[in-house]
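Numbering (numbering that gives the first Met the number 0) for the sequence shown: 0 to 136. The C-beta atom is built at its ideal place from N, Cα and C for all residues, glycine as well. Since the structure comes first, as structure tokens, the remarks are kept for the end.
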Amino acid sequence: MRILSIDYGRKRCGIAVTDPLQIIANGLATVATGQLYDYLTAYLAREKVERIVIGKPMQPNGQPSENLARVEQFVNRWRKCHPETPIVYYDERFTSVLAHQAIIESGIGKKQRRENKGLVDEISATIILQDYMRSAH
Numbered sequence: 000m001r002i003l004s005i006d007y008g009r010k011r012c013g014i015a016v017t018d019p020l021q022i023i024a025n026g027l028a029t030v031a032t033g034q035l036y037d038y039l040t041a042y043l044a045r046e047k048v049e050r051i052v053i054g055k056p057m058q059p060n061g062q063p064s065e066n067l068a069r070v071e072q073f074v075n076r077w078r079k080c081h082p083e084t085p086i087v088y089y090d091e092r093f094t095s096v097l098a099h100q101a102i103i104e105s106g107i108g109k110k111q112r113r114e115n116k117g118l119v120d121e122i123s124a125t126i127i128l129q130d131y132m133r134s135a136h
């Protein structure tokens, strides 16, 4: 079964997923936040997912960020409607910074980065998932 991760944003969410053996994390998609619930429901109808890991937005000082309330609303809705697929929080404090660095180091140009803002979200979700997998072993 796969593990899926979400980098939840106000406008869009990055999604990453493991292979069925849970060895490798790969970016899956970037979806509009308003479509996330339906996207995940459809994905879980096609693929076996053991659990969902969602980034818990915190400020560097450990205080909750302003996005946390939105994330908690989504998590509560998910838990109520899909109790068979657990959703867990994972600290995402520096994932966006790491995602930006990874994109720059990969050689993707400034113009392409500007045009594809969803790339940062997808890479952030992948970093969340990689970190989660590392911490679980």
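With respect to the 7 Å criterion, ILE14 and ALA124 are classified as neighbours on the basis of their beta carbons. If the five residues before and after ARG11 are omitted, its C-beta is found closer than 7 Å to the C-beta atoms of THR29, VAL30, ALA31, THR32, GLY117, ASP120, all from its own chain and listed in chain order. Distance check between GLN100 and each of LEU3, HIS81, ILE126, LYS79 places ILE126 closest, using alpha-carbon atoms only. In this model, TYR88 and LYS55 are separated by some 5 Å (Cα to Cα). Residue pairing for THR29: DSSP places it in a beta bridge opposite GLY13.
Sequence-distant Cβ neighbours of ARG1 in its own chain, meaning closer than 8 Å and more than five residues away, are VAL16, THR17, ASP18, PRO19, GLN21, GLU46, LYS47, VAL48, GLU49. When DSSP states are grouped into helix, strand and coil, GLU49 belongs to the strand group.
A Cβ-Cβ separation of about 6 Å places ILE122 in contact with GLY26 under the 8 Å criterion.
Annotation for GLN129: ALA24 place their beta carbon closer than 8 Å to its own, counting only its chain and skipping 5 residues before and after. Inclusion of TYR7 and VAL70 in the CB contact set at 7 Å is warranted, their separation being smaller than that value. Residue pairing from DSSP leaves TYR36 without any beta-bridge partner. Comparing alpha-carbon positions, the option among ALA41, GLN58, ALA68 lying closest to ARG9 turns out to be ALA68.
For ARG78 and TYR36, the gap between their C-alpha atoms comes out near 11 Å. Judged by DSSP in its simplified three-state form, MET57 adopts strand.
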